[in-house]
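Comments concern the structure below.
Protein chains in written order, with my numbering: chain A, 2 to 149; chain B, 6 to 152.
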């Protein structure tokens with residue numbers, strides 16, 4: 002059974018975007034940890050410091066690359082993993098905004114795009130079941146139901 | 006027009022609402038406790054940083070409730086979420102002086118949520134790949150007629 006996500010190249014698209022976000026976050030994270038001069042000095046965060054945000058960003062970047070690899074291989078694991086990691090990356094981007102506002106807003110938008118692609122995709126398996134088994138699709142609840 | 010179509014539609018809006026909820030709650034708490042994160046001595050159209058903190062915190066909580074309702078598949082969450090996200094968009098621009106980039110980002114996020122929720126109540130166009138589940142429903146109806 003085909004477990005790939007449908008839509009115009011959904012899985013590959015989201016996977017590549019995730020890989021880009023992952024690479025950016027890893028670079029940004031390492032720079033943050035080593036107190037690079039790219040960042041604005043004397044910034045105030047809601048909590049924590051540039052160094053701790055650097056570590057958080059680095060870890061999220063690595064997780065994003067893992068999700069991207071899973072998605073590009075067509076695994077359904079990467080989808081849910083990607084949604085969670087992408088959401089966390091979006092929130093994290095705005096929390097460390099003071100260090101580099103424009104960068105943060107860009108990463109925020111990129112992360113949201115990833116989450117949008119992954120949440121609105123539907124796996125071919127779900128559709129196959131709806132077509133093949135006589136299942137009714139509950140439009141109201143947004144669910145696929147087993148045949149009655 | 007009171008239906009949210011497809012598995013992904015409701016989950017999409019609910020996920021975005023959760024992100025917005027977390028951001029607004031953190032912003033609200035930060036503003037109430039006068040965090041250094043915000044621009045000092047900013048001038049607002051009305052209210053002060055503390056007022057906007059409370060407004061944002063409450064809107065964030067409302068968005069969280071809407072997200073939970075949407076995850077459960079309720080249609081209540083749709084209208085509730087449209088109202089909450091609209092308020093969030095307006096509040097984001099009104100408290101823009103405190104953190105301009107942050108406000109712009111949350112503003113765009115709110116608009117995206119509203120767009121998603123309004124659009125997904127409509128009937129899917131035929132053969133549109135963007136609406137895979139709706140297409141499956143359509144095919145299911147056709148095959149039922151054939152039988």
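Note that CB positions come from ideal geometry on N, CA and C, so glycine has one too. It should be emphasised that the depicted structure is a prediction, and the values quoted were computed from it without experimental measurement.
Any C-beta of chain A under 7 Å from that of residue i
i             : result
residue 42/B  : yes
residue 82/B  : no
residue 57/B  : no
residue 66/B  : no
residue 112/B : no
residue 35/B  : yes
residue 27/B  : yes
residue 85/B  : no
residue 20/B  : yes
residue 31/B  : yes
residue 24/B  : yes
residue 76/B  : no
residue 119/B : no
residue 153/B : Only positions 6 to 152 of chain B appear in this structure, which leaves residue 153/B out of reach.
residue 95/B  : no
residue 63/B  : no
Proximity to residue i [Cα-Cα], best of the options
i             : options                  : result
residue 95/A  : 94/B, 93/B, 106/B, 98/B  : 106/B
residue 94/B  : 117/B, 78/B, 39/B        : 117/B
residue 124/B : 84/B, 48/B, 36/B, 52/B   : 84/B
residue 46/A  : 99/B, 42/B, 48/B         : 42/B
residue 50/B  : 98/B, 72/B, 108/B, 112/B : 98/B
residue 25/B  : 72/B, 79/B, 80/B         : 72/B
residue 55/A  : 66/A, 69/A, 40/A, 67/A   : 40/A
residue 58/B  : 15/B, 31/B, 21/B, 110/B  : 31/B
residue 44/A  : 104/B, 109/B, 28/B       : 104/B
residue 34/B  : 23/B, 80/B, 60/B         : 60/B
residue 16/B  : 78/B, 29/B, 96/B         : 78/B
residue 53/B  : 23/B, 110/B, 101/B       : 101/B
residue 36/B  : 62/B, 113/B, 96/B        : 62/B
residue 27/A  : 36/A, 78/A, 60/A, 121/A  : 60/A
residue 67/B  : 111/B, 110/B, 29/B, 80/B : 29/B
residue 121/A : 38/A, 80/A, 24/A, 17/A   : 80/A
Min CB distance residue i to chain B below 7 Å
i             : result
residue 37/A  : no
residue 88/A  : yes
residue 15/A  : no
residue 57/A  : no
residue 98/A  : yes
residue 91/A  : yes
residue 106/A : yes
residue 116/A : yes
residue 25/A  : no
residue 1/A   : Since the first residue of chain A shown is 2 and the last is 149, residue 1/A is not available in this structure.
residue 40/A  : no
residue 82/A  : no
residue 78/A  : no
Integer-rounded CB distance, given that residue j should sit under 8 Å from residue i
i             : j             : result
residue 227/B : residue 90/B  : Residue 227/B is absent from the structure shown; chain B starts at 6 and stops at 152.
residue 18/B  : residue 121/B : 5 Å
residue 92/A  : residue 119/A : Contact doesn't hold; Cβ gap of about 16 Å is too wide.
residue 72/A  : residue 22/A  : With a Cβ gap of about 12 Å, residue 72/A and residue 22/A do not count as contacting.
residue 105/A : residue 97/A  : 6 Å
residue 87/B  : residue 119/B : 6 Å
residue 87/A  : residue 12/A  : About 14 Å separates the two Cβ atoms, so there is no contact after all.
residue 19/A  : residue 49/A  : Actually they are not in contact, since the Cβ atoms of residue 19/A and residue 49/A sit about 25 Å apart, beyond 8 Å.
residue 101/A : residue 58/A  : Not a contact, Cβ separation roughly 11 Å.
residue 90/A  : residue 108/A : 7 Å
residue 23/B  : residue 69/B  : 7 Å
residue 51/A  : residue 33/A  : 5 Å
Test: residue i CB closer than 7 Å to a CB of chain E
i             : result
residue 109/A : Of the chains in the structure shown, none is chain E; the protein chains are A and B.
Residue i beta carbon near the ligand GTP (any heavy atom closer than 6 Å)
i            : result
residue 29/B : The ligand content of the structure shown is nil, which means the ligand GTP is not present either.
Complete alpha helix (DSSP H) runs within the region 40-83 of chain B (minimum length 4 residues, chain order): Here the runs fully enclosed are 54-76.
Runs of alpha helix (DSSP H) lying entirely within the region 46-132 of chain A, each at least 4 residues, in chain order: Here the runs fully enclosed are 51-73, 78-96, 102-121.
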